[in-house]
Amino acid sequence: MNKIEVSMKKDEIFHLATFLILFLVISCKTFHAPPQYLPTAKQAQSDVYGGWIEVKTNKGNINGELIAIQEKRVFVADLRTLHEIDLEDIISARLVTYNPESSKVFLQTAEGIVFTLLLAGIPAMILSTGEESFEVFLWLLVSPVVAAIWTTPIWVTVGTGAAIYQSNLPIIDYPKKPIDAFIPFARFPQGIPPDVDKNSIRMKIPKKEMK
530 MNKIEVSMKK
540 DEIFHLATFL
550 ILFLVISCKT
560 FHAPPQYLPT
570 AKQAQSDVYG
580 GWIEVKTNKG
590 NINGELIAIQ
600 EKRVFVADLR
610 TLHEIDLEDI
620 ISARLVTYNP
630 ESSKVFLQTA
640 EGIVFTLLLA
650 GIPAMILSTG
660 EESFEVFLWL
670 LVSPVVAAIW
680 TTPIWVTVGT
690 GAAIYQSNLP
700 IIDYPKKPID
710 AFIPFARFPQ
720 GIPPDVDKNS
730 IRMKIPKKEM
740 K
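To convert a position in the sequence shown, counted from 1, into our numbering, add 529.
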């Protein structure tokens, strides 16, 4: 592979990576939960609080913890109050049930690329001196670059697809899905108990990062 071919391959990789990054940004669903609010998938199995919900209504947007869905109303709590939203006023809603941790997929992809480069560079590390021909020396020298050219697109493509899948997995959208699909992820799936004062309900306080 000559210098021109290598340069062309590098340009192709750059364009592919740029396209996939843009595709990732478009394809991944966004949400605005506070830092540390969402539990991991494992923690969500025992979490007693509701998922993070973002509701678009005729009167504006309301974000917070999903408390309950009952009597044709959606109850959403933020740090200040409990909102009661009539279903007929809801244009759309997005519920996030846990933290998708898609950044870990990007990290694994980066680790795969680095590992490939290191593995491909082993021959260059074991060169002895003065015995090999110039062609052999050159091949061993450029082998990491050649390996990266052929394997990086695979890592980028697979990593992007995995990140998109991972980020969208815990998200439920209304009206794409019926509002009843949100109920299992409310703080009170059976409805707010009669003995609970609605005026006292607030969203859970996000955990601060451990230092």
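All residues carry an ideal CB built from backbone N, CA and C; glycine is no exception.
Short Cβ contact (9 Å threshold) for residue i with residue j
i, j, result
"isoleucine 596", "alanine 606", "yes"
"isoleucine 598", "isoleucine 712", "yes"
"tyrosine 703", "leucine 624", "yes"
"isoleucine 708", "leucine 616", "yes"
"phenylalanine 604", "lysine 736", "no"
Residue i - containing alpha helix (DSSP H), residue span
i, result
"lysine 571", "570 to 573"
Residue environment, residue i, which counts as buried when at least 16 other CB atoms sit within 10 Å
i, result
"leucine 656", "Summary for leucine 656: the model assigns pLDDT 49, below 50, so the residue's position carries little reliability, and this model does not support an answer."
"phenylalanine 552", "With a pLDDT of 48 at phenylalanine 552, under the threshold of 50, the modelled position of that residue is not reliable, and no figure is offered here."
"valine 577", "exposed"
"glutamate 600", "exposed"
"methionine 732", "buried"
"tyrosine 627", "buried"
"proline 723", "exposed"
"isoleucine 700", "buried"
"isoleucine 734", "exposed"
"serine 575", "exposed"
"leucine 567", "buried"
"leucine 698", "exposed"
"serine 729", "exposed"
"threonine 658", "Reliability of the predicted coordinates at threonine 658 is poor, the pLDDT of 46 falling under 50, and the value obtained from them is presented with this limitation in mind. With fewer than 16 other Cβ atoms within 10 Å, it is exposed."
Opening and closing residue of the beta strand (DSSP E) in which residue i lies
i, result
"glutamate 583", "581 to 586"
"tyrosine 627", "Neither: tyrosine 627 is in no beta strand (DSSP E) and is coded neither H nor E."
"glutamine 508", "Any question about residue 508 goes unanswered here, given that the chain covers just 530 to 740."
"leucine 611", "611 to 615"
"phenylalanine 711", "Per DSSP, phenylalanine 711 belongs to no beta strand (DSSP E) and is neither H nor E."
"glutamine 599", "589 to 599"
"isoleucine 700", "700 to 703"
"valine 603", "602 to 606"
Rounded Cβ spacing between residue i and residue j (contact assumed at less than 8 Å)
i, j, result
"threonine 765", "glutamate 630", "The chain is shown from 530 up to 740; residue 765 falls before or after that span and cannot be answered."
"lysine 585", "serine 621", "5 Å"
"alanine 715", "glycine 579", "5 Å"
Cβ of residue i within 9 Å of any chain C Cβ
i, result
"leucine 595", "Here chain C cannot be found, since the structure has a single protein chain."
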